[in-house]
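**Q**
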Amino acid sequence: MPKECRRKTSKDLGLSGTAVNEGSRSERGAAGKTRQICDDFIQKAAQIAPLSAIKTPPVMDARRVPQVTITPEGGGSSREMQQEDWDDVVDGPLRRKLSNSSISSTGSSAVESEDDLLSDNESKSKGIVTLEHLVDAGESKPWCKLKTIVHWPFSATQRRKLNWVQLAGHKGNFKAADEGNILKKFSENEMQCFEKLRGDALLPFVPGYHGVVEKDGESFLHMTDLLANFDLPNVVDCKMGVRTYLEEELVRARERPKPREDLYRKMVEVDSEGPTPEEHSQRGVTKPRYMQWRETMSSTNTLGFRIEGIKKCDGTCRTDFKKTRSKQDVIQVFKDFVGGNNSILKSYLSRLTEIRQALKMSEFFKQHEVIGSSLLFIHDHTGNAQVWIIDFGKTTALPEGQTLNHDIPWQEGNREDGYLWGLENLMHTLESVSRGGPSEETFCSVSKENS
Ligand code: I3P
Numbered sequence: 017m018p019k020e021c022r023r024k025t026s027k028d029l030g031l032s033g034t035a036v037n038e039g040s041r042s043e044r045g046a047a048g049k050t051r052q053i054c055d056d057f058i059q060k061a062a063q064i065a066p067l068s069a070i071k072t073p074p075v076m077d078a079r080r081v082p083q084v085t086i087t088p089e090g091g092g093s094s095r096e097m098q099q100e101d102w103d104d105v106v107d108g109p110l111r112r113k114l115s116n117s118s119i120s121s122t123g124s125s126a127v128e129s130e131d132d133l134l135s136d137n138e139s140k141s142k143g144i145v146t147l148e149h150l151v152d153a154g155e156s157k158p159w160c161k162l163k164t165i166v167h168w169p170f171s172a173t174q175r176r177k178l179n180w181v182q183l184a185g186h187k188g189n190f191k192a193a194d195e196g197n198i199l200k201k202f203s204e205n206e207m208q209c210f211e212k213l214r215g216d217a218l219l220p221f222v223p224g225y226h227g228v229v230e231k232d233g234e235s236f237l238h239m240t241d242l243l244a245n246f247d248l249p250n251v252v253d254c255k256m257g258v259r260t261y262l263e264e265e266l267v268r269a270r271e272r273p274k275p276r277e278d279l280y281r282k283m284v285e286v287d288s289e290g291p292t293p294e295e296h297s298q299r300g301v302t303k304p305r306y307m308q309w310r311e312t313m314s315s316t317n318t319l320g321f322r323i324e325g326i327k328k329c330d331g332t333c334r335t336d337f338k339k340t341r342s343k344q345d346v347i348q349v350f351k352d353f354v355g356g357n358n359s360i361l362k363s364y365l366s367r368l369t370e371i372r373q374a375l376k377m378s379e380f381f382k383q384h385e386v387i388g389s390s391l392l393f394i395h396d397h398t399g400n401a402q403v404w405i406i407d408f409g410k411t412t413a414l415p416e417g418q419t420l421n422h423d424i425p426w427q428e429g430n431r432e433d434g435y436l437w438g439l440e441n442l443m444h445t446l447e448s449v450s451r452g453g454p455s456e457e458t459f460c461s462v463s464k465e466n467s
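Under this note's numbering, think of the first position of the sequence shown as 17, with each following residue one higher.
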C-alpha cells in the first residue's frame, strides 16, 4: 500500500532532489502570468540597483519551465527479493567494477569510505514523505535580495501560500519563491552547472535558472517551479546512471573511512541481513558502501536508473522503491503511474527521444560526470506530459580535454556514469508499458566482457 503523505509545517520543510511546488488550482491558473511577473521583477531590480551591479538573467532564463522536487525516503519495498532478481544483479549489464573492492548484498568486501557531511537521514530513513506544506505569507522581514546586490522587491501580495511535495533529496533544501518559481538551497556545483548550461543543447530540458538569491541569511538558487503548468500532477522521479556517488567520494572514503549509524539504520530497515557481521557490531556503514548497496538493491546497477519516488494526482506519495529492481517491477510501477494512458506514454517517449538527441549534441554532457541527476516525469489529466533533467548537485566537470561516452561500463578511474545506457533502458521500459507488458529483448545489454 502506498504510504500516505503527511502534512508538515514549514518548519519541517526541506527539499532536495526534486521539490514540487503545488499551488492551488487558482494559483496555478494564474501561472500564465509568471513570465510577466519575472519580467517585472527584472525590470524593478534594474530600477533599484546600479546597472553595473545587476546580474540580469537572460530572457531565456525567465521562461516558465516547471521545477519540481520529489524525495525518496521510504524503507519498505514493493515485494520481497526473488532469486531471479539476484541473478539479474549478478548477470546485470554494465556492472560497476571497483578496482579494489567488490559489492554484494552482504557487503562482504565493501569499500571503506566516509562522507564528510551527515545529512537528514533520520527523517529520510523513515520513509516519511511528503506533502510538505509551506506557508510563506505574512513574513515581517523584507524578503530577499539577489546575492549579486540586486534587491528583490517582493511585496506582501506577491507572497503566497505554497504547497510542496518532496519525494527525493535532502530535507530543508527548498523554500517558497515568487509565483512559478522555487528556491533551492545554494550549491556551488549546481550553480556552475546551470551557468554552463545557458548556451547548451540541454537548456530546453533543464529547469529555468534565474540566479542566486538570499533569504533569511541563506543563499538559494532561484529556479522555475516545474509543476506550475500542471493541474493535479502525477510525478515520478527517476535517478539516472549506474552509479550514484562520485569517484572522489570513494577516494576520500578510503582515506578516511567513517561508518555512519544513520546509514546502517536505513540499511537494516530495508534488509536486516544487509550489513555484514562487522557492520552489525559497529552499528555503522560507510557512505559508499551504503550507496553501493542501494544500487544493487534497486535497478541502478542492472538498468542504469531507479525509481526514487512517485506522487499521484490524488495526493498519495510513495518512496518505498528501494527494492524495486527487476524489469517487471519497474514496468509495473510505470504502468500504474500512467494508468494505461497510451497518449501520455507517447508524449513521454517523444520527450525522451528529444532529450536523448540533446544529450548526444550537448557539450556539457560530454564534459561532465553526471551523478545523482534525475529525470522527472510529470503529467496531468489534461494530457500535458513533460520530462525534465534535474539535480546537478553532484554533476562534476572533467579535466580539460577529457570527455565521457556515458554508455560504457564504469571502472574506477574512467568516471563513466552509464547515463545514456540507463536512458535507453528507461525508454524501453516505457515502450514495454505501452505494449502492455515486459519484453526482455528490448532491454539493452552490454556484453559480459564489457561489464
Ligand atoms: C540517500 C541517497 C542520496 C544521498 C544520501 C543518501 O540514501 O542516496 O542520494 O545523498 O547521502 O543517504 P537514501 O536514498 O537511501 O535515503 P547524496 O546524493 O547527496 O550523496 P547522505 O546521507 O550523505 O546525504
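We put the CB at the ideal spot given by N, CA and C, even for glycine.
Contact check, valine 386 vs aspartate 423 under 8 Å by CB: the rounded distance?
**A** Wrong, their Cβ atoms sit about 12 Å apart, outside the cutoff.
**Q** Taking the alpha carbon of leucine 279 as the point to measure from, which residue in Asp253, Trp309, Val267 has its own alpha carbon closest?
**A** Trp309
**Q** Is the separation between the beta-carbon of isoleucine 405 and that of leucine 262 shorter than 8 Å?
**A** no
**Q** So, cysteine 329 versus leucine 242, is the Cβ gap smaller than 8 Å?
**A** no
**Q** Using CA atoms only, rank isn't needed, just tell me which of Cys254, Thr332, Arg367, Gln373 is closest to glutamate 311.
**A** Cα-wise, what sits closest to glutamate 311 is Cys254.
**Q** I want to know whether the region 290-310 touches the region 351-364 - three or more CB-CB distances under 8 Å.
**A** No, because fewer than three Cβ pairs between the region 290-310 and the region 351-364 fall closer than 8 Å, the two stretches do not touch.
**Q** Going by C-alpha distance, which of Ser288, Gly215, Cys333, Gly257 is nearest arginine 431?
**A** Considering only alpha carbons, the answer is Gly257.
**Q** Can you tell me whether histidine 397 is buried or exposed? The criterion is at least 16 other CB atoms within 10 Å of its CB, across all chains shown.
**A** exposed
**Q** Would tyrosine 364 pass as a contact of leucine 414 if the rule is Cβ separation under 8 Å?
**A** no
**Q** Below 8 Å between beta carbons: does that hold for lysine 201 and lysine 231?
**A** It is not a contact, given that the beta carbons lie outside the stated cut-off.
**Q** Report yes if the C-beta distance between asparagine 197 and glycine 409 is below 8 Å; otherwise report no.
**A** no
**Q** Which two residues bound the contiguous beta strand (DSSP E) that contains glutamate 324?
**A** 321-327
**Q** Grab the span of the beta strand (DSSP E) containing glycine 409 for me, first residue to last.
**A** Glycine 409 -> no beta strand (DSSP E), and no H or E assigned at all.
**Q** If valine 301 sits next to proline 273, beta carbons under 8 Å apart, how far is it from one beta carbon to the other, in whole angstroms?
**A** Actually they are not in contact, since the Cβ atoms of valine 301 and proline 273 sit about 10 Å apart, beyond 8 Å.
**Q** Within its chain, find whatever has a CB closer than 6 Å to the CB of methionine 76; leave out the 5 residues flanking it on each side and keep chain order.
**A** Residue confidence for methionine 76 is low, a pLDDT of 30 falling below 50, so the modelled location carries little weight; the figure read from the coordinates is stated next. Answer for methionine 76: no residue qualifies.
**Q** How should arginine 305 be labelled, buried or exposed, when 16 other C-beta atoms within 10 angstroms of its C-beta is the threshold for buried?
**A** buried
**Q** Using the three-state DSSP reduction, which class does isoleucine 424 fall into: helix, strand or coil?
**A** coil
**Q** I think threonine 2 touches arginine 341, with their Cβ atoms under 8 Å apart; what is that distance to the nearest whole Å?
**A** The structure shown has nothing for residue 2, since the chain only spans 17 to 467.
**Q** Is any non-hydrogen atom of the ligand I3P found closer than 7 Å to the C-beta of methionine 313, if you look at the structure I gave you?
**A** no
**Q** For arginine 310, verify whether its CB is less than 7 Å away from any heavy atom of the ligand I3P.
**A** Under cutoff, so the answer is yes.
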